[in-house]
Amino acid sequence: MSAPRAYTDSPVVTTTVRLLAPFVLTYGLFTLFHGTKSVGGGFQGGVVAAAMVVTLAFALGIRQTAAWLDRRVLLGLVVAGPLVFGVVAVAGLLAGGAFLQLDVLPIPKATVYGTEAIEIGIGATVAAVVVLLFVRIADGYAEPLADGSGVRTAEEVRSDD
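Counted the way our numbering counts, the sequence shown spans residues 1 to 161.
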């Protein structure tokens, strides 16, 4: 069985996207981790990472990229942000402080670490949501029939390919 054909016929585009992907993802992480000290943060870092996955999908094929992505992992990442926020927020309550009061925790620089944890959760959630929305929209929920009498399901549309 041969490898699936690339979505684009341009070896320049495919090679460029493959070479740039690690650097763009690294920049997304850089943006995420520097959000507490400078411009950036979880949302911006998550969007940069998701944009790279979308770019890979355009270069290598949307269906191939969607097949490569594990939806269970993406759904886990969607849940990660609110879960991390909840854990960090309640940690202050459990330590005898107020909601999101991290300076009462017996950890040096608890506020910095708590903020970073929340930023990581936000980044994971934003990246996963953007990728899931893109894959779902690009792959199509359904396509209207030519005569306007109804809608075909995504499976029927895929069977035409």
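In this text, a Cβ means the ideal position worked out from N, Cα and C, and glycines have one as well.
How big is the Cα-Cα spacing for glycine 86 and alanine 51?
Residue 86 sits at position 86 when you count from the first residue of the sequence shown. Residue 51 sits at position 51 when you count from the first residue of the sequence shown. Computed Cα separation, rounded: 27 Å.
Since I believe alanine 49 is in contact with alanine 127 (beta carbons under 8 Å), could you give me their beta-carbon distance rounded to a whole number of angstroms?
The residue you call residue 127 lines up with position 127 of the sequence shown. The residue you call residue 49 lines up with position 49 of the sequence shown. Right, the Cβ-Cβ distance comes to about 4 Å (below 8 Å), so this counts as a contact.
Under 8 Å, do alanine 95 and valine 104 count as touching if we go by C-beta distance?
As a working mapping, residue 95 is identified with position 95 in the sequence shown. As a working mapping, residue 104 is identified with position 104 in the sequence shown. It is a contact, given that the beta carbons lie within the stated cut-off.
Put isoleucine 137 into one of helix, strand or coil per three-state DSSP.
Sequence index remark: in the sequence shown, residue 137 carries index 137 (1-based). If DSSP states are grouped into helix, strand and coil, isoleucine 137 belongs with the helices.
Drop a sphere of 10 angstroms on the beta-carbon of phenylalanine 99, count the other beta-carbons inside from all chains shown, and report buried for 16 or more, exposed for fewer.
Indexing the sequence shown from 1 puts residue 99 at position 99. Phenylalanine 99 is exposed by the Cβ-count criterion.
Just how far apart, CA to CA, sit glutamine 44 and leucine 25?
As a working note, residue 44 is residue 44 in the sequence shown. As a working note, residue 25 is residue 25 in the sequence shown. Taking the straight line from one Cα to the other gives about 12 Å.
Per-residue DSSP class, three states only, for methionine 1
Locating residue 1 in the sequence shown gives position 1, where the first residue counts as 1. For methionine 1, the predicted model reports a pLDDT of 44, less than 50, meaning its position is unreliable; a value from the coordinates is still stated below. In the structure shown, methionine 1 sits in coil (DSSP, three-state: anything other than H, G, I, E or B).
Span of the alpha helix (DSSP H), counted from its first residue to its last, around glycine 28:
Taking the sequence shown and counting its residues from 1, the one referred to as residue 28 is at position 28. From DSSP, the alpha helix (DSSP H) with glycine 28 extends over 11–33.
State yes or no: is the C-beta of glycine 121 within less than 8 Å of the C-beta of glycine 35?
Translated into the one-based positions of the sequence shown, residue 121 becomes position 121. Translated into the one-based positions of the sequence shown, residue 35 becomes position 35. No, the Cβ-Cβ distance between glycine 121 and glycine 35 is not below 8 Å.
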